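Each protein sequence line maps, in turn, to chains A, B and C. Here the first sequence is numbered in my numbering, starting from 1 and rising by one per residue. Here the second sequence is numbered in my numbering, starting from 1001 and rising by one per residue. Here the third sequence is numbered in my numbering, starting from 2001 and rising by one per residue. All remarks here apply to the structure that follows.
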Amino acid sequence: MTTIPTSSTAQVIPGQGAMAAPDGAKPAKAKRQRFLFLKNKKALFGLIILGLYVLFAIIGPWITPYDPDARSNDLIQPPSADHWFGTTHLGQDVFSQVLDGTRPVVFVGFLAGAIATVLSVIIGITAGYLGGKTDDALSALSNVFLVIPAVPLMIIITSILDSASNLLIALIIGLTSWSWNARVLRAQTLSLRRRDYIEASRATGEKTWRIVGFELLPNLTAVIASGFIGTVIFAVLSLITLAFIGIVSAAGWNWGTILFWAQGQQALAQGAWWWFVPAGLAIAFLGTALSLINFAIDEFVSPRLRSAGKTKLKTASGGTVRMRIGFTPVLSNSAEPHTQARAIPINTDGATPVARKVGK
Amino acid sequence: MKYFLQRIAFYLFTAWAAITLNFFIPRLVPGDPVQSLIAKFRGQLSTEAINSLYVLFGLDDDKGLWAQYIDYWKQLFQGDLGLSFTFFPSPVSEIIGDALPWTVTLVGITTVISFLIGTGLGVFAGWRRGSWTDGLLPVTTFFSSVPYFWLGIIAIYLLTGPDSFFPSSGGFDSALVPAWDQYFIPSAIQHSLLPALTILISSVSGWILSMRNMMVTVSSEDYITVAHAKGLSERRVAVSYAARNALLPNISGFALSLGFIVGGTLLVEIVFSYPGLGFILLQALGAKDYPLMQGIFLVITISVLVANLLADLAYLLLDPRTRKEG
Amino acid sequence: MEPVLEIRNLNVEYGLGDKAVRAVRDVNLTLHRGEVLGLAGESGSGKSTLAYGLTRLLAPPGVITGGEVIYHPEKSDPYDVLGLSDKALRAFRWAETAIVFQGAMNSLNPVHKISTQLTDVLKAHDPKMSEHSRNARAREMLKLVGIAADRMDAYPHQLSGGMRQRVMIGMALILQPQVVIMDEPTTALDVVMQRQILGQLIELRERLGFSVIFITHDLSLLVEFSNRIAIMYGGRIVEEAPANTIYRDALHPYSKGLLSSFPALRGPRRELAGIPGSPPDLAGMPSGCSFHPRCPKAFEPCSTHIPVLGRPDSPDGAARSVACWLHPTEQPVG
């Protein structure tokens, strides 16, 4: 259970040149670009799946066919028309548990993501914008949090605070997972601060909160959004982990709890694959959706990553060539001109040249 | 060299911060946890263990916080992490000492292999962008979203069984006694294959994706065009110019992700009942064995710091810019 | 004069289908042996695209949609560079045409020593060359461009901007190419360093006898350092003439505008004036002569008909060409 930060925005070391700096786009342009963002297939696909999850998080507990806790006599039954995802050792309906468990997962994911994002924005931007000793102190703080393994820390804290609620778990996850984004935001703020328009605002004595709020933040939107999504993925996986090892028993059903019970009851030894598979796939699809959104944000921020589109080309002679770096495709090497521009004969008496019909 | 000393200073600082955090965590527990623990163990705890619990939670009122903190450090320097009460009366340090080699071998080797394979495939996918390799990206994305432990469970279900080559649990054949001999080592390797494969499959995707993106980003740098203009072979441009530069941010990414990776691998150990730190942590959690939990956290943190230091060292060797002027 | 590189109706586009942007349009240009040909124009005029296009170095989505680039080797028959196989093109690159890129900062691989980057090109083109002679050759090149041999083991970040650009020039000459393309080679440097490096290069050219295509937006540099100048606008060459002729008597209104936007170091003082408006958007090129919306002298045919590059009716007409309706031409050149 991990998230390796795959976002290029996060991967790149500041000063490496390739930093996916938001290209200084002024806020006015943002609206048109946001629309463009939705044109990205990855973004659209990711957002649709995420939308479904949010929908089930809201209505899930109301539309469950059974009470997820209710026992029945159908013990360990494979999927059937009555029980779409089969039943547990107590005859509980797995489908109802998965549906009911969506809400805590989405809730904890988003809340922890929000907490971590707010923290990282405050810490990252303050460090990057103020610089000096403040920067040193805040950077040291985020670096410490970055290398201290977050999951074991979370496990211990949660275990000590016996019977933690979902709210508390979200808080713990949020408080331990802000450092990566803070680091990225600091680097971005540093590079933005040196831009002309920010320097100009500073020189004209604009108030700091105005510069940060109106000049800096709009340009950091994509980076912040990407950090938020990344933290949501991490928070979801963390919650599942905590539930799976059985230290958040008080928090009701979630996919991790289902897996905890399945593991505890040796579901697989009894061949009850249906007890494991739905919850695991639910996690994987949610994670995939969120990752896709993040890829789209990455491509949006750093045009180099945009998918190359069509790369196989037809040449004039009927062959195919591939677009690649270092060898520009040659579609035709005939020396025929593409536009017909014809000479007008020299008019010896110096009159205005006569315009002739020239085909384009 | 200056850079390296700075890094060492930073890791010492982080180690100090982690140890201090470790000191304060038990003191956050509301109420009197010792009483509830005594009640829970119904007289099975010795007076010595109870006393050490009071010290652990900072409830022995005769000392101030500062004095307690000093004592904590003194104990630490003697390698004393307290007594475990799951494995009473074994000291925590001994239990961790038994488990640590398993985790370090399994997680360490697998993570490095995963990084190498993922980076290699990422170089390929990034260099041949726009070809069929792009079609693999959704698959790798999906695999990187699957929790490690879930993949482990599925692997156990699909690949183990009475006739299978893969054992479903444990670190070695229970009929054997741990020793460096021709019976034990093959058995240990056989038992580690499936957990290793699980960690490999779920972590490799992340490296592929990040290396691919770095390759794509680096590919449009000027020096790559220069390399092509020089008429160098495709291989030389891809490896020595593009990949060599794309590797640097990926290594720092590796160092920074270690903390995340460890969390995932602990759960794989749990699923496979592999006798490493994760498995012990699960037992400690079940028994509310705070000294053991804290010890494990401390050891994991220090291991991650050491691994980070090694990654830094690799970075230092690979990026001439960090070793400016000697 | 004998030609060394002939570009015939070269067309380069970015992107495919309807969204394609035509960056270089029917460009005809000849580089003669031993000359310095200046290529000038505002950013977006297609001058760099032309230079990278002729050795197929444009990154995706660049596509060459037509044309020929005929290379004339010193002793054998001419051939079309665009028709070479990948292997042959690799062998052709650097050995026959080398490039000094703009921005020396990023042209050198930051993780390899200068020596490695100088010798790997030797190794690629002559695998049989011994390591010793490779190193000797690299040292020789550094000496040629005025860099002490002890910088061989330096990394790019340890060198100043001027030194890096010298290394690039040394690297470009290491295989003794016939043609050296210089794309804004000195824009990142200060004025003194610019002239020093260019002066050195011209001196080396006289000694080694290669030809240069010198690309810059700084016309005053071109007037000073090149023999002939071609001026590009909107992907086309709009005027081409010996450097002095252009400086004295530019025919195309765009050339005139470009000349008056820079102060010249030598020659009579003249008034400085920019060109009103901004370079055209390649995606939405104006009809007719693409300069007509900005042209102070535009008249009837300019907005509808594309003028062809041809010899103008002027005393020195034989040595120059221009594409402008103000200057009726005899016949297309090229």
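Cβ atoms here follow ideal geometry from the backbone N, Cα and C, with glycine treated the same way. In this text, all values refer to a predicted model and were calculated from it rather than measured experimentally.
Thinking C-beta only, is residue j closer than 8 Å to residue i?
i         : j         : result
Gly2152/C : Arg2139/C : With the sequence shown as reference, residue 2152/C is identified as Met, and Gly is not the correct amino acid for it. Yes; because the gap between Cβ atoms is below 8 Å, this pair is in contact.
Ile962/B  : Val1271/B : No statement about residue 962/B is possible, as the shown extent of chain B runs from 1001 to 1326 and does not include it.
Trp127/A  : Arg186/A  : Checking the sequence shown, residue 127/A turns out to be Ala, not Trp. Their beta carbons are under 8 Å apart, which means Ala127/A touches Arg186/A by this criterion.
Val301/A  : Ala222/A  : yes
Leu1106/B : Tyr1274/B : yes
Arg1321/B : His2112/C : no
Val2012/C : Ala2023/C : yes
Gly1231/B : His2125/C : yes
Ile1025/B : Ile245/A  : no
Ser2211/C : Val2179/C : yes
Arg2093/C : Thr2055/C : yes
Val108/A  : Asn40/A   : no
Leu2082/C : Ala2230/C : no
Gly2288/C : Ser2278/C : no
Since residue i and residue j should fall inside the 8 Å C-beta cutoff, what is the C-beta to C-beta distance between them, to a whole number of angstroms?
i         : j         : result
Ala1246/B : Val1218/B : 4 Å
Gly1263/B : Ala150/A  : 7 Å
Ile173/A  : Met154/A  : 6 Å
Ser291/A  : Ile233/A  : 7 Å
Trp2114/C : Ala2154/C : Residue identity check: residue 2114/C is Ile in the sequence provided, not Trp. The pair is a contact, with the Cβ atoms about 5 Å apart (cut-off 8 Å).
Val2069/C : Asp2080/C : 6 Å
Val98/A   : Phe85/A   : 6 Å
Ser317/A  : Gly2066/C : About 12 Å separates the two Cβ atoms, so there is no contact after all.
Ser1187/B : Leu1176/B : 6 Å
Leu1056/B : Leu1037/B : Leu1056/B to Leu1037/B, Cβ: 10 Å. No contact.
Val2238/C : Cys2324/C : 7 Å
Leu1285/B : Leu1277/B : The Cβ separation is near 12 Å, so there is no contact.
Met2285/C : Gly2041/C : Contact doesn't hold; Cβ gap of about 14 Å is too wide.
Short of 6 Å in beta carbon distance, which residues of its chain neighbour residue i, apart from the five on each side in sequence? Order them along the chain.
i         : result
Leu1121/B : Ile1208
Gln2194/C : Thr2186
Lys26/A   : Low local confidence applies: a pLDDT of 37 at Lys26/A is under 50, so the model's placement there is unreliable, and no value is given.
Leu1198/B : In the sequence as presented, Leu is not what sits at residue 1198/B; that position holds Thr. Correct list, in chain order: Leu1151, Gly1152, Ala1155, Val1268.
Leu2058/C : Tyr2052
Gly46/A   : Ala289, Leu292, Ile293
Met952/B  : There is simply no residue 952/B to check, as chain B begins at 1001 and stops at 1326 in what is shown.
Ala2298/C : His2292
Met2001/C : His2032
Tyr2247/C : Val2223
Leu190/A  : Gly128
Sorted by chain position, which residues of the same chain lie with C-beta nearer than 7 Å to residue i's C-beta, five sequence neighbours on each side aside?
i         : result
Ile13/A   : Reliability of the predicted coordinates at Ile13/A is poor, the pLDDT of 33 falling under 50, and the value obtained from them is presented with this limitation in mind. Cβ neighbours of Ile13/A beyond the five flanking positions: none.
Thr102/A  : Tyr53, Phe56, Ala57, Gly60
Pro79/A   : Phe85, Gly86, Trp274
Tyr1183/B : Leu1176
Ala1243/B : Val1123, Met1215
Apart from the five residues just before and just after residue i, which ones in its own chain have a Cβ nearer than 8 Å to its Cβ?
i         : result
Pro22/A   : For Pro22/A, the predicted structure reports a pLDDT of 36, less than 50, and the residue's modelled location is therefore unreliable. A value from the coordinates is still provided. Contacts found: Gln188, Leu192, Asn219, Leu220, Thr221, Ala222, Val223, Val301.
Met2168/C : Val2100, Phe2101, Ala2104, Ser2107, Leu2108, Pro2185
Arg1236/B : Ala1227
Practice problem: Would you mind listing the alpha helix (DSSP H) stretches within the stretch 95–182 of chain A that are 4+ residues and don't spill past its ends, in chain order? | Solution: 132–147, 150–160, 166–176
Exercise. Select from the stretch 2047–2070 of chain C all residues with a C-beta closer than 8 Å to any C-beta belonging to chain A, and list them in chain order.
Key: Tyr2052, Gly2053, Arg2056, Leu2057, Leu2058, Ala2059, Pro2060, Pro2061, Gly2062, Val2063, Ile2064, Thr2065, Gly2066, Gly2067, Glu2068
Quiz item: According to a CB-to-CB cut-off of less than 7 Å, which residues of the stretch 218–247 of chain A neighbour chain B?
Solution: Leu237, Ile240, Thr241, Phe244, Ile245, Ile247
Self-check item: 4 or more residues per run - each alpha helix (DSSP H) lying fully within the stretch 1055–1112 of chain B
Solution: 1065–1077, 1092–1103
Quiz item: Which whole runs of the alpha helix (DSSP H) in the stretch 2128–2168 of chain C are 4 residues long or more, in chain order?
Solution: 2131–2144
Practice problem: Give, in chain order, every residue of the stretch 2100–2115 of chain C whose Cβ lies closer than 7 Å to some Cβ of chain B. | Solution: Phe2101, Gly2103, Asn2106, Ser2107, Leu2108, Asn2109, Pro2110, Val2111
Quiz prompt | Residues from the stretch 1255–1276 of chain B in contact with chain A, defined by Cβ distance under 9 Å | solution = Ala1255, Leu1256, Ser1257, Leu1258, Gly1259, Phe1260, Ile1261, Val1262, Gly1263, Gly1264, Thr1265, Leu1266, Leu1267, Val1268, Ile1270, Val1271
Self-check item: Interface residues of the stretch 320–339 of chain A facing chain C [CB-CB below 8 Å]
Solution: Met323, Arg324, Ile325, Gly326, Phe327, Thr328, Pro329, Val330, Leu331, Ser332, Asn333, Ser334, Ala335, Glu336, Pro337, His338, Thr339
Exercise. Residues of the stretch 2177–2188 of chain C with a CB closer than 8 Å to any CB of chain B: list them in chain order, please.
Key: none
Quiz prompt | chain C contacts made by the stretch 1202–1236 of chain B, where a contact means CB separation under 9 Å | solution = Ser1219, Ser1220, Glu1221, Asp1222, Tyr1223, Ile1224, Thr1225, Val1226, Ala1227, His1228, Ala1229, Lys1230, Gly1231, Leu1232, Ser1233, Glu1234, Arg1236
Practice problem: Just list the beta strand (DSSP E) runs in the stretch 1218–1304 of chain B, keeping only unbroken ones of 3 residues or longer that don't cross its boundaries, in chain order. | Solution: none
Quiz item: Fully enclosed by the stretch 2208–2288 of chain C, which alpha helix (DSSP H) runs are 4 residues long or longer?
Solution: 2219–2225, 2243–2249, 2253–2260
Exercise. Please name the residues in the stretch 2083–2096 of chain C whose beta-carbon is closer than 9 Å to at least one beta-carbon of chain B, in chain order.
Key: Asp2086, Leu2089, Arg2090, Ala2091, Phe2092, Arg2093, Trp2094, Ala2095
Quiz item: Between the stretch 2292–2307 of chain C and chain A, which residues of the former have CB atoms less than 8 Å from a CB of the latter, in chain order?
Solution: Phe2299, Glu2300, Pro2301, Thr2304, His2305, Ile2306, Pro2307
Quiz item: Of all the residues that make up the stretch 2015–2045 of chain C, which are near chain A by a beta-carbon distance shorter than 9 Å?
Solution: Gly2015, Leu2016, Gly2017, Arg2022, Arg2025, Asp2026, Asn2028
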